[in-house]
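Position in the sequence shown counted from 1, then plus 34, gives you the working numbering. Here's the structure, in structure tokens; my notes come after.
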Amino acid sequence: MIAQMAYFRAEKRGFEPGGEQQDWLESEKLIDKMLSDA
């Protein structure tokens, strides 16, 4: 789940280098929130 969301975030920003870690961390945070709210 996190990898897929991070991929889509990278795609949205045009796969510009340098944002991979931020994509991953933000995706992880969002998914953690989604799962805790469920």
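C-beta atoms are modelled at their ideal positions from N, C-alpha and C, and glycine is treated no differently.
Remark: C-beta atoms of residue 53 and residue 44 approach each other more closely than 8 Å. In chain order, 61, 62, 65 place their CB closer than 6 Å to the CB of residue 36, counting only its own chain and leaving out the 5 sequence neighbours on each side.
Taking C-beta separations shorter than 6 Å and ignoring five residues to either side along the sequence, the partners of residue 39 in its chain run 61, following chain order. The three-state secondary structure of residue 43, taken from DSSP, is helix.
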